[in-house]
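Below is one structure, written out as structure tokens, with a few remarks after it.
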């Protein structure tokens, strides 16, 4: 699968093949035209938001009523993150995220917990590994999911510390960005044919 070009370098997440004896499972693919990842960063008198629409992902589930069986992965093109200021974007990519060395940000879901059925969807806790800037760490965060036919929409936010991923804290002039950033995602996945 090649979308955006970053998949050519092995950037697309791939779920492991199912054993021949496995029950049938539905696969959903992220719709890159309707999916976005944002981050909010704070600095003294200067907060800013970054975003990207360049992400790939797959979700595989046997039964939407049994979410603990779900598998998922997401890959983000790290060099595509933008804050709206080209100079800041270049510094972020080159000096902090080091996208030449670490071109993707990857999340692999390990477990779904505390599933609560809601009208038209579910609330649950996701547990998985986030690989960012050469460091892989477990993260746990709440997710809200809604289903409409062959479409599943997921929304969540998770706070991260840059230093947990060995990212040097950005400073601009006299302003230092706080270590904690909040990552928010709003993704839409469509059932694959």
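Residue numbers (my numbering): 25 to 217. Even glycine gets a Cβ: it sits at the ideal position worked out from N, Cα and C. Since we're looking at a predicted model, the values are computed, not measured.
Open item on the list: Which same chain residues end up closer than 7 Å to residue 103 when comparing Cβ atoms and leaving out the 5 residues on each side of it in sequence?
Closed with: So the list reads 117, 123 and 127, once near-sequence residues are dropped.
Open item on the list: Does the structure place the segment 42-60 close enough to the segment 142-154 that three or more beta carbon pairs sit under 8 Å?
Closed with: Segment contact: the segment 142-154 against the segment 42-60, fewer than three CB-CB distances shorter than 8 Å; contact not assigned.
Task: Beta-carbon contacts of residue 137 that lie in its chain and below 6 Å, excluding the five residues immediately before and after - done: Cβ neighbours of residue 137 beyond the five flanking positions: 149.
- [ ] In angstroms with no decimal places, state the Cα-to-Cα distance between residue 214 and residue 164.
- [x] Looking at the two C-alpha atoms, the distance is approximately 24 Å.
- [ ] Classify residue 255 as helix, strand or coil using the three-state DSSP reduction.
- [x] Coverage of the chain is limited to positions 25 through 217, which leaves residue 255 absent and any answer about it impossible.
TODO: Hey, could you find the ends of the beta strand (DSSP E) residue 81 is sitting in?
DONE: Taken as a continuous stretch (DSSP letters only), the beta strand (DSSP E) holding residue 81 covers 79-85.
Task: Beta-carbon spacing of residue 216, residue 52 below 8 Å - done: Less than 8 Å separates the beta-carbon of residue 216 from that of residue 52.
TODO: Evaluate residue 133 with the Cβ neighbour count: other Cβ atoms within 10 Å of its Cβ, from every protein chain shown; 16 or more gives buried, anything less gives exposed.
DONE: Counting Cβ neighbours within 10 Å, residue 133 comes out buried, since at least 16 surround it.
Open item on the list: Please return the same chain residues whose Cβ sits closer than 6 Å to the Cβ of residue 194, not counting the five positions on each side in sequence.
Closed with: Excluding its 5 nearest sequence neighbours in each direction, residue 194 has C-beta neighbours in its own chain below 6 Å: 120 and 201, listed in chain order.
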